[in-house]
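Enquirer:
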Amino acid sequence: MTCATVKLDTLNLSQANQKLEDAEALSVVEWSCKTFGDGLVMTTSFGIQAAVMLHLVTKMIPKIPVIWIDTGYLPAETYQFAEQLTKKLNLNLHVYQSSISPARMEALYGKLWEQNDVEALNLYDKIRKVEPMQRALDDLNATAWLAGLRKDQTAHRQNLARVEQQNKLYKIYPILNWNARDIYQYLTTYDLPYHPFFDLGYVSVGDWHSSRPLTADDTNGRDTRFNGLKQECGLHLPQTSGEEESLNCSSL
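If you number the sequence shown the way my numbering does, the last residue is 240 and the count never jumps.
Shown next as structure tokens:
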């Protein structure tokens, strides 16, 4: 399927979400392609179950731009997994990194992840993830962003609608209503690989310094990230007070 150029002035979010609330994931991808055309992009972290969204979307839109934010602190296994999936699925991959190198960041701010402080972690995320992501969206003239968020992952994500608006960008979540069993069934049905850290007890993996295996004391898989201090990396949170208000209102 090819997403033709589309000029979209406005989108009625209420109507869109009503239409897509119970739609199958592939139907959401198809709607996104027809609605946003070549302004549609997707992201991946090459995490534990990244193959699901990558396969789901690219089997319908093979050449969709896939944005990967490389923080410079990912485990070696993540880079190897990314290479494997990129070749297997023939991804149109666009890799973005912070304009500040890891060495420069540590010289200026220290090892932010060791400070056991939410503000330090937020600064880390702003430098290493949010800034390069915004640059990627601007470079690719993105108007809409497909992401693999699920309601069962974090408290924030429980309140998401199928289609959200963040500033002028629309965000669409095809597998929002999926659970762990749905993910497993998809992986096995299409014989897709998962991140090698899954076999080590990880249910979520990001940077090497801020990810750990799941334990019996964890109440949520995201507790294994960011030293348990927070659940979101910043990419999927509103960036301004106006966006915060908009998202809060849309989820009532």
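Ideal placement from N, C-alpha and C gives every residue a C-beta, glycine not left out.
Judging by CA-CA distance, which residue of Ala132, Ala11 and Val118 is the nearest neighbour of Thr(-2)?
Expert: Ala132
Enquirer: Could you give the uninterrupted runs of the beta strand (DSSP E) lying entirely in the region 3 to 62, keeping only those of 3 residues or more?
Expert: Counting only runs of 3 or more, we get 28 to 32 and 53 to 57.
Enquirer: Across which residues does DSSP place Glu152 in a beta bridge pair?
Expert: Lys159
Enquirer: What residue range does the beta strand (DSSP E) around Ala130 cover?
Expert: Membership of Ala130 in any beta strand (DSSP E) is not indicated, and neither H nor E is assigned to it by DSSP.
Enquirer: Indicate the three-state DSSP secondary structure (helix, strand or coil) for Asn110 in the structure shown.
Expert: helix
Enquirer: Within 10 angstroms of the Cβ of Leu8, are there 16 or more other Cβ atoms? Answer buried if so, exposed if not.
Expert: buried
Enquirer: With a Cβ-Cβ cutoff of 8 Å, do Thr66 and Phe34 count as a contact?
Expert: yes
Enquirer: Could you please give me the residues that DSSP links to His82 through a beta bridge?
Expert: Ile55
Enquirer: Whole angstroms are fine: how far does the CA of Tyr172 sit from the CA of Thr32?
Expert: In a straight line, the C-alpha of Thr32 is about 18 Å away from that of Tyr172.
Enquirer: Should Ala91 go down as buried or exposed, given a rule of 16 or more other Cβ atoms within 10 Å for buried?
Expert: So Ala91 counts as exposed.
Enquirer: Given this structure, state the Cα-to-Cα distance separating Met88 from Lys99, to the nearest angstrom.
Expert: For the record, residue 88 in the displayed sequence is Ile; it is not Met. About 14 Å.
Enquirer: On the CB-based measure, 16 or more other CB atoms within 10 Å of its CB, does Gly189 come out buried or exposed?
Expert: exposed
Enquirer: Taking the alpha-carbon of Ala64 as reference, which of Tyr84, Ser192, Gln85 and Phe185 has the nearest alpha-carbon?
Expert: Minimum Cα-Cα distance from Ala64 among the listed residues Tyr84, Ser192, Gln85 and Phe185 corresponds to Phe185.
Enquirer: Rounding to the nearest angstrom, what Cα-Cα distance links Val191 and Ile36 in this structure?
Expert: 7 Å
Enquirer: Can you give me the C-alpha to C-alpha distance between Ala(-8) and Arg169, rounded to a whole angstrom?
Expert: 34 Å
Enquirer: Within 10 angstroms of its Cβ, does Pro162 collect 16 or more other Cβ (buried), or is it exposed?
Expert: buried
Enquirer: What three-state label does DSSP hand Ser134 in the structure shown?
Expert: It should be noted that the sequence gives Leu, not Ser, for residue 134. Collapsing the DSSP output to three states places Leu134 in a strand.
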